[in-house]
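See structure below.
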Amino acid sequence: MAVLPLNYYDLTETFPAGGCVVCSLVERDVHRFLDSHLYEYVNTPETHAKMRGSRGLCATHSANLVEFGASVLGITILHAAIMDELLKTAGEPTRASSAFGRLRGSSGSSLANKLEPDSPCMACAALERAEAQHIGTIAEYINDDRLREAYAASAGLCLPHFKQVLRAAPDSTRADTLTQLQLPKWKALKAELDMLSDKYDANHNDEAVGAEADSWRRALELVSGKRDVFGVRRST
Ligand SMILES: [Zn+2]
Ligand SMILES: [Zn+2]
């Protein structure tokens, strides 16, 4: 048997845990990335250069650092370096600061352009690498018994990740397997949502609510994906 990629085992173990497996693993991978860069790599020249160039992290990943209780010292050191970079960049003479530039009113936008990042947020880049690996492994190995059974035991992929694995499927056989695995998840959830809305109906308000009680919450994630995975893209 060919050597399986390392994340194959992460996928088979995490699939049945509930929620979209790609969202869950990507979230875990990005948290680990942030953690290691704020502890192990905070003083490496490479981290400093990247953080100076990218002008820090995007707003979501910066907020994550606070939420995860990242090292205050790590954040402090890196942001002192970013401030130093911004001051240096703003202090450099520019062509637009000449009399001609001022007359054309372009000195503001010239400085704004110099302050633009030269690379994306490091954590967003880590997120996209992790996501591509997990999507690629699911698409490639979905006809492998263990992975297929793990998917069958799961709540299904969120809609954006389901579309990604479908597009990454190397052939129609694997695309068909993915579809046969995902559609029953939607059917089951729809039945739970219907049951819940019936019970909210005034005519049935004495019926006890069962496992479908949190189906609306699961539906939010199954349709839109996790906030920390899909709420962070700063491509515009
Ligand atoms: Zn997802
Ligand atoms: Zn980011």
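In this text, residue positions in the sequence shown follow this note's numbering: the first is 16, and each later residue adds one.
Ideal Cβ positions, reconstructed from N, Cα and C, are used throughout, including at glycine.
Give every residue of the same chain whose Cβ lies closer than 7 Å to the Cβ of residue i, excluding the five residues on either side of it in the sequence, and list them in chain order.
i	result
His149	Asn22, Leu26, Val37, Leu40, Val41
Lys178	none
Ala183	Ile150, Gly151, Ala154
Ala234	Leu204, Leu208
Among the residues of its own chain, which have a CB less than 8 Å from the CB of residue i, if the five just before and after it don't count?
i	result
Pro175	Ser239, Gly240, Phe245
Under 6 Å Cβ to Cβ from residue i, same chain only, skipping five residues before and after it: list those, please.
i	result
His63	Ala96
Gly68	Asp133, Ser134
Count the other CB atoms within 10 Å of the CB of residue i; is the residue buried (16 or more) or exposed (fewer)?
i	result
Met66	buried
Gly123	exposed
His94	exposed
Ala203	exposed
Arg232	exposed
Thr188	exposed
Tyr255	Residue 255 is absent from the structure shown; the chain starts at 16 and stops at 251.
Indicate the three-state DSSP secondary structure (helix, strand or coil) for residue i in the structure shown.
i	result
Phe83	coil
Lys129	helix
Pro60	helix
Ile157	coil
Ala184	coil
Indicate whether at least one CB of chain C lies closer than 9 Å to the CB of residue i.
i	result
Pro135	Reference to chain C is not applicable here, since this structure consists of a single protein chain.
Quick one: any contact between the segment 161-168 and the segment 186-201, if contact means 3 or more CB pairs under 8 Å?
yes
The segment 43-59 contacting the segment 82-91, beta-carbon criterion three pairs below 8 Å:
yes
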